[in-house]
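Comments concern the structure below.
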Amino acid sequence: MTIVASTLRLLGLPACIFLGMLFFYEGVPGASRIPFLTSIPVIGDLTAGRVAIKSAEAAANARRQFVDLAEKTALAAEKAERERQQKAAAIAAEDYRRRLEAARAAEAATTDRLEQEIAAHERKLKALGRSCSVIDDADRDWLLKP
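Residue numbers (our numbering): 2 to 147.
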């Protein structure tokens, strides 16, 4: 207590108030380098100072906001990629459906053409007085299977 009283008499009340505010805002010089002092709740505030505490809080807040923005951007990019893949899959499915219809139509046309050729050949054989009685419908169906 005598140190505070002698400092008050030596410097005066305005200078002591100024030094008190300086230590409160800037911290005790050199004390913030001591690792365990800043982790103690009240003493840490006095040793580190309000400026260092508030700047650390502002930096942490800025990091949180940046991380939130980065996560939001990443989610938007993932959503856009997912939508692009879904559109591409829908286009590919439609293309495959069209190809399947075209293949089925070609197969039906080929089957019809073969049926017509077989019928024409049977008519030609019938006109000549011959027939293919060796092959029945089951054999003919087996031959026509792909």
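Built from N, CA and C at the ideal position, the CB exists for glycine as well.
Quantities reported herein were computed from a predicted structural model and do not represent experimental measurements.
### Message
Buried or exposed, going by whether 16 or more other CB atoms sit within 10 Å of the CB of G50?
### Response
Against the sequence shown, residue 50 aligns to sequence position 49. G50 should be labelled buried.
### Message
Taking the straight line between their C-alpha atoms, what separation do you get for F37 and A53?
### Response
Within the sequence shown, the letter at position 36 stands for residue 37. Within the sequence shown, the letter at position 52 stands for residue 53. So the two alpha carbons sit approximately 16 angstroms from each other.
### Element boundaries [alpha helix (DSSP H), containing R99]
On the sequence shown, residue 99 is found 98 positions in, with the first residue counted as 1. Taken as a continuous stretch (DSSP letters only), the alpha helix (DSSP H) holding R99 covers R51 to L129.
### Message
With distance defined between alpha-carbon atoms, name the residue in L126, R124, T111 and K125 nearest to L145.
### Response
Counted from its first residue, the sequence shown places residue 145 at position 144. If we check each option's Cα against that of L145, T111 comes out closest.
#### Entry: Distance between D113 and A93 (C-alpha atoms, nearest Å)
What you label residue 93 is simply residue 92 of the sequence shown in a count that begins at 1. What you label residue 113 is simply residue 112 of the sequence shown in a count that begins at 1. Their Cα atoms are separated by approximately 30 angstroms.
### Message
Using the three-state DSSP reduction, which class does I136 fall into: helix, strand or coil?
### Response
Here residue 136 corresponds to residue number 135 of the sequence shown, with the count starting at 1. Coil at I136, not helix or strand.
#### Entry: Residue range of the unbroken alpha helix (DSSP H) whose run includes L12
Locating residue 12 in the sequence shown gives position 11, where the first residue counts as 1. Element bounds for L12: T3 to L12.
### Query
If we call anything under 9 angstroms between Cβ atoms a contact, is V68 one with L47?
To locate residue 68, count along the sequence shown from 1; it is residue 67. To locate residue 47, count along the sequence shown from 1; it is residue 46. Not in contact: V68 and L47 (Cβ atoms no closer than 9 angstroms).
### Task
Inspect the beta-carbon positions of C17 and T3 and report whether they are closer than 9 angstroms.
Counted from its first residue, the sequence shown places residue 17 at position 16. Counted from its first residue, the sequence shown places residue 3 at position 2. No, they are not a contact pair.
### Message
Using the three-state DSSP reduction, which class does I41 fall into: helix, strand or coil?
### Response
Position 40 of the sequence shown, counted from the start, is the residue given in the question as residue 41. DSSP places I41 in coil when its eight states are reduced to three.
### Query
Using the C-alpha atoms, what's the distance from Q86 back to K73?
Numbered from 1 along the sequence shown, position 72 holds the residue referred to as residue 73. Numbered from 1 along the sequence shown, position 85 holds the residue referred to as residue 86. Their Cα atoms are separated by approximately 20 angstroms.
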